[in-house]
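Novice: Take this structure first; my questions come after.
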């Protein structure tokens, strides 16, 4: 069945059900960043495979909104589908609500599947559509009836995540959450995001690619904790262990009947992370105190054991990276190397490492002009050969039992030009300035972002994405609540939080340069002016010195680089084969003006 | 009548009117920063003279909230008043609504004078109090009946502000506002802040100290513009001119009856800048589109003539400053110099300058430990003699017909210590880094603030206020909507906006160091990565090189300083007496490592 046929069937069903407009968000009931195949509704209805977008269908029009990362990809993937692309997050682009208001007659009916939209988004949408005389229906899944071969829900085992990695037992975590509930005046909460759920209960799964997570809900009140999962996913021994700790597993699908039958309690809910369907079920009978998801913040502040695990994972990841870099240098020019081969080799070298569980995201390998496409994803159609005299960018990471990694390195495939060296060095300066930053307690991420851009801005250069995202601990590689971006985010950067530091420059049609290390926030000093924090770099991998122009760097930036390389060598050398060790020794020797 | 007697009378009236709690915000019906004497209600009821605070009174308790700038001053001024001080803007301090909820029985009545509270603040207060079973009454002025000698409302002339200074005529300004009204879908707006009103109508007054503004409202729709002022304040010729341009003046007090009688129209209103009384009068009968005050943004972007005026005003202000600095150096040690004398001398030297109309704010002159009190205000009781071997900080400014100035300089009164030089140089580095900043169009002020702090943060130092405020053009010295601070503010810094650049360090009990220049945002370059902006410095006054440690500065910072001093000398030297010119020549000669 092709896209046109799918849309034809959907329109038939819309007509049958009296729906004039249908909006598809393409996420899952847990509003996950990566969704299980069963929930790839946006891709199924449109053919567009990007990670962000929404699709609106009426009887005679169909549009997809996506953002600048995906304009080129979406244009290509939508060819022949009858779906037009709209550029989201741009000032002059129409919003979904206004699009329906323009394209439907007054009294028209707009429907969504409320399971796949956050309560906050659905509320805004409802208010806007209703103000203009449209009817908004929230619980209408029009895809399941027409999606014959819809993939099954994942059914892989859920396993215990040992305290030796988690640092804190699930009883203590539940106690922390219960304490926060009392502080907010709530009696219960429902955990819906996969990463929060995995953290709370010290469990891991394999339901979503690149994430060691599982699909479920967690109900927590002062007396009990209930996991809504497929209980058959639990080994009997683990089930007994959980019950001994007051955690009971019941069927995933029973969440709605459970919420309908419990005695009303005051719920703490994050309405931006809870689906509209769940929210409306709860708020029908229970008072809701709206606030940030309690485990999101608790989880973001890593404990000492988690930080030590992250360090060890980054050391092993560094060994894999150095092995890859050495391999590349040996083989380049001898055999044909493509972008896909680079991705495969990176995975292969990581697989050799202890505790490696899989990749932490789909690697981005961009040669030459491909490197300038921010979220470039190599396919068999686009797969380019890595040739001489350009730039290769690769962004990849691993899931290790003791931590998650995310690293980008950019290397030249010939003698770099002055312009390439200048671009690289300005990006490097920003990366170092942020890694080296000292800042007062309670500083927000938006106050740090400019530091990583200053050297680029001074030269009329910039990059169109944030500088740093939170990184999970054997969990999602993107983790909130904090971030280092220009956009407002009220969450301060706290001691123990792990973030990426990844300034970049993209020269369309030429090359992309990005340098990404992972850093952890730690204490710096206390003075009459308060407590000050700084970062420690976790990533252990050399930065290609052929692209560095020392003349553009300050003494302290150069000293950071040389000290970093010394650390990298000291941490990695005894884990490398002699020839790789020798190679690393050269790569990490100091440079000066 | 002392404070205790005033509160006694107020409590009597509260009882008579059935009011259990009364809240006094202490601003005026235009929510002005500086208020005319007639509206200094907070000061009258409490004796506290700071610029920020609110007072709550019940039958047996009285409290004043103020912020950290005024803790010491408020504690002192409240002695014997029976009013307790509460530290506002601190995490563990009770809010006014909660204070009433705690101190009044359910069903109690809380009253305010809705003329002196913004509609947005009043709405929040009403919601919170009503949710807890208290009654909220908004239009109750309980002070006028007991304030016998309440000052008269100001009655000084309103004068035309010529286009040769304003750059744009009032007809064009009204046209700009009417265009924005159409864009927002509104039919009319009411201008309530004094600075917006003066800008819209190219008028100036003298109703408020330090501000060349007048009290009034401005009603603007597509057909007409009405000024609600005392029409007798206008010269007959000006009145005729205004009417020819479609601007009619009617009595200030008739605003309420006017709003009750007009045909309902859709109003654009800034609910944070409109009093609750006015807002409720309008919203009773008219639809309100809430948004930022239209003239606030238009006014903040200075036109070329305004910028040229600001430059010229800063040159004349610089002459006054240099004359003062020379005088100080000659007289220090010869005669007794006090903080008040410094303030008077600064005013005296400014008065000698063309187009000088008065000071732009109450000067802050802090010697030694006084300099470490951020908003220190010298009084005859605190007036300190300027002695040897410490630091003197002075922050002052002028209103000139063609612009407004605001400058802080810090000078040593002996041979500075290494610590003083280090502190001063770190502050100077921050000031230069911000002045030199290059940033993309649409950058928010919060993205620039850290740049001015980085050198201090690196050393575990900081300052507890914003880095930059907008500066008006022959208007209020503090002007929105943009600012350079850590706090979120969604307004980007735009070409033509004028801001202060004033990092600082305060060593409690020792000294304060602040260096403040005024800068204007201008175009820098356009590249493949978009438009980039930068700043040009308007302030023309040397920075004391005795406090500069060149070893702590980068080459580009030193080069900025030397180039700046060269500019200062070139702009000022031919306007100075020979001996002052010679002195400036020494002060502005280059320094190096």
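Chains as they are written, first to last, in the numbering used here: chain A, 259 to 851; chain B, 259 to 851.
Glycine included, every Cβ here is placed at the ideal spot set by N, Cα and C.
Predicted, not measured: the structure shown is a model, and the values here were computed from it.
Output the distance between the C-alpha atoms of residue 734(B) and residue 385(B), rounded to the nearest integer angstrom.
Specialist: The residue labelled residue 734(B) in the question sits at position 476 within the second chain. The residue labelled residue 385(B) in the question sits at position 127 within the second chain. Rounded to the nearest angstrom, the two C-alpha atoms are 33 angstroms apart.
Novice: Cα separation between residue 371(B) and residue 401(B)?
Specialist: Along the second chain, one-based indexing puts residue 371(B) at 113. Along the second chain, one-based indexing puts residue 401(B) at 143. Whole-angstrom Cα-Cα distance: 9 angstroms.
Novice: From what residue to what residue does the beta strand (DSSP E) around residue 770(A) run?
Specialist: By one-based count along the first chain, residue 770(A) stands at place 512. It spans 769-772 - the beta strand (DSSP E) in which residue 770(A) sits, taken as one unbroken run.
Novice: Is any heavy atom of the ligand MG found at a distance shorter than 7 angstroms from the C-beta of residue 271(A)?
Specialist: Questions concerning the ligand MG fall outside what the structure shown contains, since it holds no ligand whatsoever.
Novice: Can at least three beta-carbon pairs, one atom from the segment 268-288 of chain B and one from the segment 327-344 of chain B, be found at a separation below 8 angstroms?
Specialist: No, because fewer than three Cβ pairs between the segment 268-288 of chain B and the segment 327-344 of chain B fall closer than 8 angstroms, the two stretches do not touch.
Novice: Residue 286(A) and residue 374(A): beta carbons closer than 8 angstroms?
Specialist: Residue 286(A) sits at position 28 when you count from the first residue of the first chain. Residue 374(A) sits at position 116 when you count from the first residue of the first chain. Yes.
Novice: DSSP three-state call for residue 526(A): helix, strand or coil?
Specialist: For this step, residue 526(A) is matched to residue 268 along the first chain. In the structure shown, residue 526(A) sits in a strand (DSSP, three-state: E or B).
Novice: Taking residue 706(B) as the query, report the chain A residues whose CB atoms sit under 9 angstroms from its CB, ordered along the chain.
Specialist: Stepping through the second chain from its first residue, residue 706(B) is reached at position 448. Chain A residues near residue 706(B): 708.
Novice: Would you say residue 718(B) faces chain A, with C-beta separation under 8 angstroms as the test?
Specialist: Translated into positions along the second chain, residue 718(B) becomes position 460. Cβ-Cβ to chain A under 8 angstroms: yes for residue 718(B).
Novice: Under 6 angstroms Cβ to Cβ from residue 607(B), same chain only, skipping five residues before and after it: list those, please.
Specialist: In the second chain, counting from the first residue as 1, residue 607(B) sits at position 349. Contacts found: 578, 581, 582.
Novice: Flag this pair as touching only if the segment 697-716 of chain B and the segment 693-705 of chain A have three or more C-beta atom pairs under 8 angstroms; answer yes or no.
Specialist: Taking 8 angstroms as the limit for Cβ pairs, the verdict is that the segment 693-705 of chain A does touch the segment 697-716 of chain B.
Novice: Less than 7 angstroms between C-beta atoms, sequence neighbours within five positions excluded: which residues of the same chain meet that for residue 798(B)?
Specialist: As a working note, residue 798(B) is residue 540 in the second chain. Excluding positions up to five away in sequence, the list reads 572, 573, 576, 826, 829, 830.
Novice: Between residue 569(A) and the rest of its own chain, which residues show a CB-CB distance below 7 angstroms, the 5 nearest in sequence each way excluded?
Specialist: As a first step, residue 569(A) must be located in the first chain, where it is residue number 311. Correct list, in chain order: 796.
Novice: Taking CB distances under 8 angstroms as the criterion, tell me whether residue 611(A) reaches chain B.
Specialist: Reading the first chain from its first residue, position 353 is the one you call residue 611(A). So no, residue 611(A) is outside the interface.
Novice: Looking only at C-alpha atoms, which of 465(A), 479(A), 502(A), 503(A) sits nearest to residue 488(A)?
Specialist: Here the question's residue 488(A) lines up with position 230 in the first chain. Cα-wise, what sits closest to residue 488(A) is 465(A).
Novice: Report the partner residues of residue 343(A) according to the DSSP bridge assignment.
Specialist: Here the question's residue 343(A) lines up with position 85 in the first chain. Paired residues: 322(A).
Novice: Can you find a CB in chain B that lies within less than 8 angstroms of the CB of residue 698(A)?
Specialist: For the purposes of this step, residue 698(A) is taken as the residue at position 440 of the first chain. Residue 698(A) counts as touching chain B.
Novice: Does any C-beta atom of chain B lie closer than 8 angstroms to the C-beta of residue 715(A)?
Specialist: As a first step, residue 715(A) must be located in the first chain, where it is residue number 457. Closer than 8 angstroms to some Cβ of chain B, the Cβ of residue 715(A) qualifies, so yes.
Novice: Any chance you could list the alpha helix (DSSP H) runs of at least 4 consecutive residues sitting entirely within the segment 592-634 of chain B, in chain order?
Specialist: Here the runs fully enclosed are 597-609.
Novice: When the Cα atoms are used, what is the spatial distance from residue 626(A) to residue 650(A)?
Specialist: What you label residue 626(A) is simply residue 368 of the first chain in a count that begins at 1. What you label residue 650(A) is simply residue 392 of the first chain in a count that begins at 1. Distance between the alpha carbons of residue 626(A) and residue 650(A) is about 6 angstroms.
Novice: Please state if the CB of residue 408(B) and the CB of residue 334(B) are separated by a distance shorter than 8 angstroms.
Specialist: Here residue 334(B) refers to the residue found at position 76 when the second chain is read from its first residue. Here residue 408(B) refers to the residue found at position 150 when the second chain is read from its first residue. Going by C-beta atoms, residue 334(B) is not nearer than 8 angstroms to residue 408(B).
Novice: Note down, in chain order, each residue of its chain lying with its Cβ closer than 8 angstroms to the Cβ of residue 591(B), except the 5 sequence neighbours on either side.
Specialist: In the second chain, the residue the question calls residue 591(B) occupies position 333. The answer, listed in chain order, is 646.
Novice: With 16 as the cutoff for other CB atoms within 10 Å, does residue 746(B) come out buried or exposed?
Specialist: In the second chain, residue 746(B) corresponds to position 488, counting from 1. That one is exposed.
Novice: I want to see whether chain A comes within less than 8 angstroms of residue 385(B), judged by CB atoms only; does it?
Specialist: In the second chain, residue 385(B) corresponds to position 127, counting from 1. No, because no Cβ of chain A sits closer than 8 angstroms to the Cβ of residue 385(B).
Novice: Since residue 684(B) contacts residue 810(B) with CB under 8 angstroms, what's their CB separation in whole angstroms?
Specialist: The residue you call residue 684(B) lines up with position 426 of the second chain. The residue you call residue 810(B) lines up with position 552 of the second chain. Rounded, the Cβ-Cβ distance is 7 angstroms, consistent with contact.
Novice: Helix or strand or just coil, what does DSSP make of residue 657(A)?
Specialist: As a working note, residue 657(A) is residue 399 in the first chain. Looking at residue 657(A) - three-state DSSP - the assignment turns out to be strand.
Novice: Does residue 787(A) come within less than 8 angstroms of chain B when only Cβ atoms are used?
Specialist: For this step, residue 787(A) is matched to residue 529 along the first chain. Taking Cβ atoms only, chain B reaches closer than 8 angstroms to residue 787(A), which makes this a yes.
Novice: Compare the C-alpha of residue 624(A) against each of 610(A), 643(A), 613(A) and name the closest.
Specialist: Position 366 of the first chain, counted from the first residue, corresponds to residue 624(A). Among 610(A), 643(A), 613(A), the Cα nearest to that of residue 624(A) is on 643(A).
Novice: What is the DSSP secondary structure of residue 785(B), counted as helix, strand or coil?
Specialist: Indexing the second chain from 1 puts residue 785(B) at position 527. Residue state, collapsed to three classes: strand.
Novice: Which residue marks the beginning of the beta strand (DSSP E) containing residue 822(A), and which one marks its end?
Specialist: Here residue 822(A) refers to the residue found at position 564 of the first chain. Looking at the DSSP string, residue 822(A) is not in any beta strand (DSSP E); the run it does join, the alpha helix (DSSP H), is 813-830.
Novice: Count the other C-beta atoms from every protein chain shown that fall within 10 angstroms of the C-beta of residue 414(A), then say buried if there are 16 or more, exposed otherwise.
Specialist: Residue 414(A) sits at position 156 when you count from the first residue of the first chain. Classification of residue 414(A): exposed, given that the 10 Å Cβ count is below 16.
Novice: Is residue 448(B) near residue 358(B), with beta carbons less than 8 angstroms apart?
Specialist: Here residue 448(B) refers to the residue found at position 190 of the second chain. Here residue 358(B) refers to the residue found at position 100 of the second chain. No. Outside cutoff.
Novice: Please return the same chain residues whose Cβ sits closer than 8 angstroms to the Cβ of residue 268(B), not counting the five positions on each side in sequence.
Specialist: Against the second chain, residue 268(B) aligns to sequence position 10. Here the set comprises 280, 303, 315, 400, 401, 404.
Novice: I believe residue 666(A) touches residue 772(A) by the beta-carbon criterion, under 8 angstroms. Please report the beta-carbon distance rounded to the nearest angstrom.
Specialist: For the purposes of this step, residue 666(A) is taken as the residue at position 408 of the first chain. For the purposes of this step, residue 772(A) is taken as the residue at position 514 of the first chain. Rounded, the Cβ-Cβ distance is 5 angstroms, consistent with contact.
Novice: Measuring alpha carbon to alpha carbon, tell me which of 292(B), 325(B), 362(B), 308(B) ends up nearest residue 317(B).
Specialist: Position 59 of the second chain holds residue 317(B). If we check each option's Cα against that of residue 317(B), 362(B) comes out closest.
Novice: Mind checking which residues open and close the alpha helix (DSSP H) that includes residue 581(A)?
Specialist: In the first chain, residue 581(A) corresponds to position 323, counting from 1. Taken as a continuous stretch (DSSP letters only), the alpha helix (DSSP H) holding residue 581(A) covers 562-589.
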